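Residue numbers (this note's numbering): -13 to 153.
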């Protein structure tokens, strides 16, 4: 099961079920059935607006986003789906804060549920730095299906890694 690297930490029974689907060559079919369409958030500006809408609905009182965009330099293989940066700098007598989110460009053509899961994850880091109980509660508050989308995203990454794209 070494080729299920995106699913480490899941129960053996779950891994065996995924292994069977992969062996039967049905992983892409299963994903297409659950997520038949990709999102239309293609540009950095559209991604900024998409992220801003989620942020304003669930995290209105947090500091504003400076930048949101797709980044082709983020390597999913190194377990990074997106990145968040929170930087404070002193400029003269003022403290300037930059809140930035970068999403791996591989998700430019993925189902909307996966994009939302990543955006929610990165937004949650602005309130909770660590992956703790409060962090995941915030993720579930913004997206009740967060854990299912995360699991399915890991299946999608396995599909990309083993067989290539399905869209």
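Glycine included, each C-beta is placed from N, C-alpha and C at the ideal position.
In this text, all values refer to a predicted model and were calculated from it rather than measured experimentally.
Here residue 18 has 152 as same chain residues with Cβ atoms under 7 Å from its own Cβ, once five neighbours each way along the sequence are excluded. Between residue 27 and residue 21, the C-beta gap is not smaller than 9 Å, which leaves the two residues out of contact. Where residue 1 is concerned, the enclosing alpha helix (DSSP H) starts and stops at -2 to 9. When the beta-carbon positions are compared, residue 89 and residue 56 come within less than 9 Å of each other. Its Cα nearest to that of residue 84, the residue 52 stands out among 52, 10, 127, 40.
Taking residue 145 as the centre and dropping the five residues before and after it, the same chain places the C-beta of 13, 14, 17, 152 closer than 7 Å to its C-beta, in chain order.
It is roughly 37 Å from the alpha-carbon of residue 3 to the alpha-carbon of residue 43. Going by beta carbons, residue 8 and residue 139 fall outside the 9 Å limit. Residue 103 sits away from residue 86, with the two beta carbons spaced by 9 Å or more.
A Cβ-Cβ distance of about 48 Å is found for the pair residue 142 and residue 79, leaving them out of contact under the 8 Å criterion. In the same chain as residue 54, and ignoring 5 residues on each side of it, the C-beta atoms closer than 6 Å to its own belong to 33, 34, 37, 87, in chain order.
Comparing alpha carbon positions, the residue from 40, 116, 92, 50 closest to residue 106 is 40.
Exposed is the label assigned to residue 120, since fewer than 16 other Cβ atoms lie within 10 Å of its Cβ. Between residue 113 and residue 124, the C-beta gap is smaller than 9 Å, which places the two residues in contact.
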